[in-house]
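**Q** I'd like to ask some things about the structure below.
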Amino acid sequence: MKILYSWLSDFIENPPAPADLAAKLARVGLKVEEIKKTGASFSGVCVGQIMRIDKHPNADKLALVDVHDGAVTMRVVCGAKNIAVGQKIPFARVGARLSEGELKKAKIRGVESEGMICSAAELGLEGYDNSGILVLPDTTAVGVDAVTLFPKADYTLEVEMLPNQGYALSHYALARELCLFYGLKLKEAKVFEGSAAGCLVPVNIEVPDLCTRYTAIAMTGLRGARTPEWMAERLRAMGSNPKGNILIDGSNYVMYELGQPTHCFDISRLEGPEIKVRRALPGEHFTTLDNKDLKLDAGMMVIADAKRSVALAGVMGGLETAVSDYTDAIIIESARFNPPTVRLASKTTGIKSESSYRFERGTDPELTVKAARRLAALILEAAPGAKAEQLTDNYPVKYQPPVLAISPERVNAILGTGIVDGEIFACLKAFQPDLKDVKPWKFTVPTYRQDIESVWDVAEEVARYVGYDVIPSASHMPMLPSAVTPLWTVTAEMKNTLAALGFSEAYNYDFVSAREMQACGLEAAGAVEVRNPLSSDYQYLRPTLLPGLLKTLRYNLNRGRDSVLIFETGVACARKDAGKAEETHCSGLMFGDFPEGGFWKGGQARADFYHLKGMMTRLFAGRSGFRFESPKKAPAYFQPGLCLEMKLGGGSAGYAGRLAPAVAAAFDFKDNNIFYFEVPLACLAVAGKTEFWQKVAKIKPVSAFPQNWRDLSIVLEEKHGWAEMERSFSGVQDLASARLIDVYKGKNIPAGFRSITIRFTFTSMTGTLNDADVGARMAAVLEKLIKNFSAKLRS
Amino acid sequence: MNAATWKEKLSAIRDSFSVSIAKKPAGNPEALELHYLGRKGELALLLRDLKDIPLEERKELGALGNTAKQEMEAKLSELKGAAAGAAGPAVKADLDLTLPGWPFPKGSLHPLTHVMNRLAEGFLKLGFTMADGQLIEDDYHNFEALNFPPFHPARDMQDTFYVDAKDQLGKPMLLRTHTSPVQIRSMKKQDPPLRVFHTGRVFRSEAVDASHSFAFHQIEGLYVDKGVSMADLKWTADAFMKDLFGSAVKTRFNPSYFPFVEPGAEVDMSCIFCKGGVNAAERCPVCKGTGWLELMGAGMVHPNVLKGCKYDPEKWSGFAFGGGIERFAMLLYGISDMRMLYENDLRVLKQVQ
Chain B
818 MKILYSWLSD FIENPPAPAD LAAKLARVGL KVEEIKKTGA SFSGVCVGQI
868 MRIDKHPNAD KLALVDVHDG AVTMRVVCGA KNIAVGQKIP FARVGARLSE
918 GELKKAKIRG VESEGMICSA AELGLEGYDN SGILVLPDTT AVGVDAVTLF
968 PKADYTLEVE MLPNQGYALS HYALARELCL FYGLKLKEAK VFEGSAAGCL
1018 VPVNIEVPDL CTRYTAIAMT GLRGARTPEW MAERLRAMGS NPKGNILIDG
1068 SNYVMYELGQ PTHCFDISRL EGPEIKVRRA LPGEHFTTLD NKDLKLDAGM
1118 MVIADAKRSV ALAGVMGGLE TAVSDYTDAI IIESARFNPP TVRLASKTTG
1168 IKSESSYRFE RGTDPELTVK AARRLAALIL EAAPGAKAEQ LTDNYPVKYQ
1218 PPVLAISPER VNAILGTGIV DGEIFACLKA FQPDLKDVKP WKFTVPTYRQ
1268 DIESVWDVAE EVARYVGYDV IPSASHMPML PSAVTPLWTV TAEMKNTLAA
1318 LGFSEAYNYD FVSAREMQAC GLEAAGAVEV RNPLSSDYQY LRPTLLPGLL
1368 KTLRYNLNRG RDSVLIFETG VACARKDAGK AEETHCSGLM FGDFPEGGFW
1418 KGGQARADFY HLKGMMTRLF AGRSGFRFES PKKAPAYFQP GLCLEMKLGG
1468 GSAGYAGRLA PAVAAAFDFK DNNIFYFEVP LACLAVAGKT EFWQKVAKIK
1518 PVSAFPQNWR DLSIVLEEKH GWAEMERSFS GVQDLASARL IDVYKGKNIP
1568 AGFRSITIRF TFTSMTGTLN DADVGARMAA VLEKLIKNFS AKLRS
Chain P
-2 MNAATWKEKL SAIRDSFSVS IAKKPAGNPE ALELHYLGRK GELALLLRDL
48 KDIPLEERKE LGALGNTAKQ EMEAKLSELK GAAAGAAGPA VKADLDLTLP
98 GWPFPKGSLH PLTHVMNRLA EGFLKLGFTM ADGQLIEDDY HNFEALNFPP
148 FHPARDMQDT FYVDAKDQLG KPMLLRTHTS PVQIRSMKKQ DPPLRVFHTG
198 RVFRSEAVDA SHSFAFHQIE GLYVDKGVSM ADLKWTADAF MKDLFGSAVK
248 TRFNPSYFPF VEPGAEVDMS CIFCKGGVNA AERCPVCKGT GWLELMGAGM
298 VHPNVLKGCK YDPEKWSGFA FGGGIERFAM LLYGISDMRM LYENDLRVLK
348 QVQ
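Chain order of the listed sequences is B and P.
Numbering of the first sequence is given in the numbering used here, commencing with residue 818 and proceeding in unit increments.
Numbering of the second sequence is given in the numbering used here, commencing with residue -2 and proceeding in unit increments.
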């Protein structure tokens, strides 16, 4: 909210300087984001005219200028490029006070200058072109004090307003806060104090629960009344565009000044004339001041005359009853509307106004009369012939502010402070001067502070009063053991392992487009859709982390990388009929040279399926029951036949494989050797299984005796997988390991067969194995291979 | 041989050893070793002569002899070390040791992960237990139970994304706008006292720029017990900040507003860049010359929130505090544009250790 320093100062006796005032506001939670100086504060500058321009004898870039100030002609040195004979310019005489201080007599490159032609910056003016001197309009009279040409010096303060600060949305209200918290004296605005007994327009509130008070003043004799320049100037400084009509500008002025929105209806345009406050009729139409046709509903409150709605209550007035320059008689509305009703109407119609902003935040029910009288006073000042004819205050049920029983002990208990009773009482008394010092204090909440409901709210006011710094930093918290969640533990383990394996972690947004889903072979119907996406690029919640990772791959390939190992953990969302829609995935991909950049001795390769499989083996190392299986149904983005499912016990632990060529193509990758894995972490984050003591496995003893090894080459049908073979060796006595060392197909091997070479290592816990022992064990191995796989020894 | 002669002989051996070993260039250490300490070396022979000396003197002389032997051994091994290096004689270099080593792959964790881990550690040290949350929330947990009544302007503080699913009341489900729904879920699940924290992703329907993002991360803690006060909150927030930014930082509270706390406060930390210099001139642009950085929101749990979770506010009180993780990360890593955290440029990510 914008605040004018001079306007705020109208309500404080001996107001603090702007910077001090801003600090004081900030200390009580009204943060001033910016202080800006406006208007003119220079002196000793008059309007001069350039009579003659000569070259400076000693400097190419300077000129000697004769300036006539209405009385005499003086010679000055000037460096600006935009000077011309005949121009009217601000001319500072020696002794003038400018933004940089007092102007002194000076010799510039050997020539004495009797004054200065000023730029806007030199005059301290904001918002003007500063590239040269400030050229004034031709119509300006020479010799006039230049300061009179500009608005008076002032400051605007931009105050950040929080949603609970409805009590501070005006100049007067901020002045009230300052006076209350800093013991300053509050001044009141001049209001119309007369009375008027007439009744030009009867006012009837049909919905007293939604409109708790309606104050109205009818005035006549207003035709042609104009807005005074001082008011227009303030409105301009507020960023509001004054219309010149006092009925419109005055109403805005009162709102900025007191925080109460008001509205003027042209009586001649009211049917009846009468005013009714009622709910809108279903399907009722209404045309706003800015000529928008609205269809209303019964959830909205309107001001109506005998025939139709004339205002959407608290939001905006109507076009048909708006005041104009020909208006002679008005009725001023100053009412208290129910905040949620105004907010709902504003939301439904999409109209946000300064008025609805204030009503939504709750206006003071005791402010309506004062605001109406203030507006009347301003109108009377601008239109001396005008007259107040009617003063109505329709207030069916007087607002009863809550009375809270406040004990100093409770306030101190909330704040953790030892503030003495007297100081807490002083704070409450600042709010309520007639408060009696009998404990517990019966604190009547001011009518403008409808946000104060309980002792917690009062504690905050006390903290604002004494300053938040008074709250000590002291802990009375007992020790408590702490723990992380299983998901956190597992996520951290996966992240650390992947980073150690060379993967870099990416963070992508959670949203994907329909096109990206389609490119991954996924149905949009299976995804959770955002109803109000920022754009169609962000329309769905990602059902897999793949699109983001592919974008990351693309981003990095475009920046000259030829090898990318990335992973991400995040939530994947799927629409499911039952059960949880959110799953945390750990997904990653590898592409390009491995290791990245190669090695000068060789030994690098393009990342392939076996790199990926090896990574997965490492990722799941030590997790019991882990194995790969051929998937029954892998996600659509994997290439069939080049994908394995990871299994833990009976459950799935995700998939790893090459992306389907169609997916790579849809994301514009020419090389589809993109190897991707996806692990749903829930399979690992089993409650109770992620704790350290659960995870540690007993260490198996190792043999103290030497080990022996034998290689065995066999030929068998290709259909037999290595995992199958490995499993068959279980139970072979003293077998320490069986390692695959060669796979061969081709010459001398029949089609459909392959040769496999395995290195078997034996060691016994009880003694050294001799040749005969090892031979016997190898015979057992061979027998299993022959029996299970019809393997033949390779000759 | 009597004792005195023996001592003289020992002395002569030591002197001659000292002279030999100090020679420049140094002699062959192996030859010296053989000459003095070898099986038929001078010292060995002398020690063998001890057998002729009476027992009572033999002890003393034996000790002297051993000391001399140890000294000589030490000197010799020094000489050997100097000649050959600790690992033995040098081989003629047939490897170019300047060539790069094998490029073991180096991965990285995202800066936000590092910061989140560190912040979580901070909470754990203070006895806060981690709680789980969910991204898709209902209006009740995200707003209403946190004292954002329907049609309250506080709802404007957080622009919300809605998804095409409805809750039990028929209200549209939404993407959580803050991590605070976890406060409600935790209190509904557990009786007081409780001390929990949560960190994770949140969403706001805002245009992306250098300091805004429609998806970002928060962390927050909640403590409810008997007699919890704002002083406890201040101590905890201060301890948390010091743990992260060092013991020299100062924290301060300013009045602020979050619907689910009362009194509410904003937690500022003294600027870690200009150290909040006393004069305005010493301060920096990061803190906009104020000397303070706004880092967290905090306050006492609002009685309406406690009541909604069936905690009696006359009996129990609590505090909550938290902040945005991106903000911490940007300060710590010196990032001025938040978008950098979501670009996933490996040239950036791989810098993070």
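Beta carbons: idealized from backbone N, C-alpha and C, even for Gly.
#1: B:Val1381 CB to nearest chain P CB: under 9 Å?
#2: Using DSSP with H/G/I as helix, E/B as strand and the rest coil, what is P:Ser333?
#3: Check distances from the C-beta atoms of the stretch 16 to 44 of chain P to those of chain B and list, in chain order, the residues that come in under 7 Å.
#4: Along chain B, in chain order, which residues have C-beta atoms closer than 9 Å to that of P:Tyr308?
#5: Spell out whether any CB of chain B is found under 9 Å from the CB atom of P:Pro260.
#6: Shorter than 9 Å from the beta carbon of B:Trp1273 to some beta carbon of chain P?
#7: So B:Lys1204 is in the beta strand (DSSP E); what residue range does that whole segment cover?
#8: For a cutoff of 9 Å on Cβ pairs, would you count B:Ile1241 as touching chain P?
#9: Give the straight-line distance between the Cα atoms of B:Leu951 and B:Trp1047, rounded to the nearest whole angstrom.
#10: Rounded to a whole number of angstroms, what is the C-alpha to C-alpha distance between P:Arg198 and B:Met1433?
#11: In whole angstroms, give me the CA-to-CA distance for B:Arg1376 and B:Ala1470.
#12: Using DSSP with H/G/I as helix, E/B as strand and the rest coil, what is B:Val1119?
#13: Give me the chain P residues within the contact set of B:Val1388, using Cβ-Cβ distance strictly less than 7 Å, ordered along the chain.
#14: Within 10 angstroms of its Cβ, does P:Val275 collect 16 or more other Cβ (buried), or is it exposed?
#15: Please list the residues of the stretch 99 to 115 of chain P that have a C-beta atom closer than 8 Å to any C-beta atom in chain B, keeping them in chain order.
#16: Rounded to whole angstroms, what is the Cα-Cα separation between B:Ala1247 and B:Arg1392?
#17: Going along chain B in order, which residues have a C-beta closer than 8 Å to the C-beta of P:Tyr254?
#18: Look at B:Gln1077 and B:Thr1158 and say whether their C-beta atoms are less than 9 Å apart.
#19: Might you give, ordered along the chain, the residues of its own chain that have their beta carbon closer than 7 Å to the beta carbon of B:Leu1304, omitting 5 neighbours on each side?
#20: Looking only at its chain, what residues have a beta carbon closer than 8 Å to the beta carbon of B:Tyr989, apart from the 5 residues adjacent to it on each side?
#21: Sorted by chain position, which residues of the same chain lie with C-beta nearer than 7 Å to B:Ser1057's C-beta, five sequence neighbours on each side aside?
#22: Which residues of chain B have a Cβ atom closer than 8 Å to the Cβ of P:Thr176, listed in chain order?
#23: Please classify P:Glu240: does DSSP put it in a helix, a strand, or coil?
#24: Starting from the beta carbon of P:Gly124, find every residue of chain B whose beta carbon is closer than 9 Å, and list them in chain order.
#25: From the DSSP output, in three-state form, read off B:Trp1258 for me.
#26: For B:Phe1426, which residues from the same chain have a beta carbon less than 8 Å from its beta carbon, with the 5 sequence-adjacent residues on both sides left out?
#27: Could you tell me which chain P residues have their CB closer than 9 Å to the CB of B:Ala1222, listed as they occur along the chain?
#28: For P:Ser351 and chain B, any beta-carbon pair shorter than 9 Å?
#29: Spatial neighbours of B:Gly1061 within its chain, please: C-beta separation below 8 Å, excluding the five flanking residues on both sides.
#30: In the stretch 1140 to 1161 of chain B, which residues sit with their C-beta less than 7 Å from some C-beta in chain P, listed in chain order?
#31: Name, going along the chain, the residues of the stretch 205 to 218 of chain P whose beta-carbon falls closer than 7 Å to a beta-carbon of chain B.
#32: Note down, in chain order, every chain B residue with its Cβ under 8 Å from the Cβ of P:Tyr220.
#33: Which same chain residues end up closer than 6 Å to B:Met1117 when comparing Cβ atoms and leaving out the 5 residues on each side of it in sequence?
#34: In this structure, how does DSSP classify B:Pro1090 when only helix, strand and coil are distinguished?
#35: Once the 5 residues before and after B:Gly912 are set aside, which same chain residues still bring their CB inside 7 Å of it?
**A** Considering the structure as presented:
#1: Closer than 9 Å to some Cβ of chain P, the Cβ of B:Val1381 qualifies, so yes.
#2: coil
#3: none
#4: Within chain B, no residue comes near P:Tyr308; the closest Cβ sits about 14 Å away, beyond 9 Å.
#5: yes
#6: yes
#7: 1204 to 1211
#8: no
#9: Between the alpha carbons of B:Leu951 and B:Trp1047 lies a distance of about 24 Å.
#10: 27 Å
#11: 34 Å
#12: strand
#13: Leu132
#14: exposed
#15: Trp99, Pro100, Phe101, Pro102, Lys103, Gly104, Ser105, Leu106, His107, Leu109, Thr110, Asn114
#16: 57 Å
#17: Identification of chain B residues near P:Tyr254 by a Cβ-Cβ cut-off of 8 Å yields Gly846, Leu979, Pro980, Asn981, Gln982, ordered along the chain.
#18: no
#19: Thr1401, Leu1498, Ala1502
#20: Only Phe828, Ala1006, Glu1074, Leu1075, Gly1076 meet the Cβ criterion.
#21: Correct list, in chain order: Asn1069.
#22: None at all; the shortest Cβ gap to chain B is about 14 Å.
#23: As written in the sequence, residue 240 of chain P is Asp, which differs from the Glu given in the question. Reduced to three states, the DSSP call for P:Asp240 is helix.
#24: Met1294, Pro1295, Met1296, Leu1297, Pro1298, Ser1299
#25: It is a strand residue.
#26: Leu1459, Gly1474, Arg1475, Phe1492
#27: Correct list: empty, because the minimum Cβ distance to chain P is about 13 Å.
#28: In the structure as shown, chain P begins at -2 and stops at 350. Residue 351 of chain P is therefore absent and cannot be evaluated.
#29: Arg1043, Thr1044, Ala1049
#30: Pro1157, Arg1160, Leu1161
#31: Phe211, Ala212
#32: Chain order gives the chain B residues near P:Tyr220 as Met1294, where near means a beta carbon separation below 8 Å.
#33: Ala1097, Ala1162
#34: coil
#35: A distance below 7 Å between beta-carbons, with the five flanking residues on each side excluded, links B:Gly912 to the following residues of its chain, in chain order: Gly861, Glu919, Leu920.
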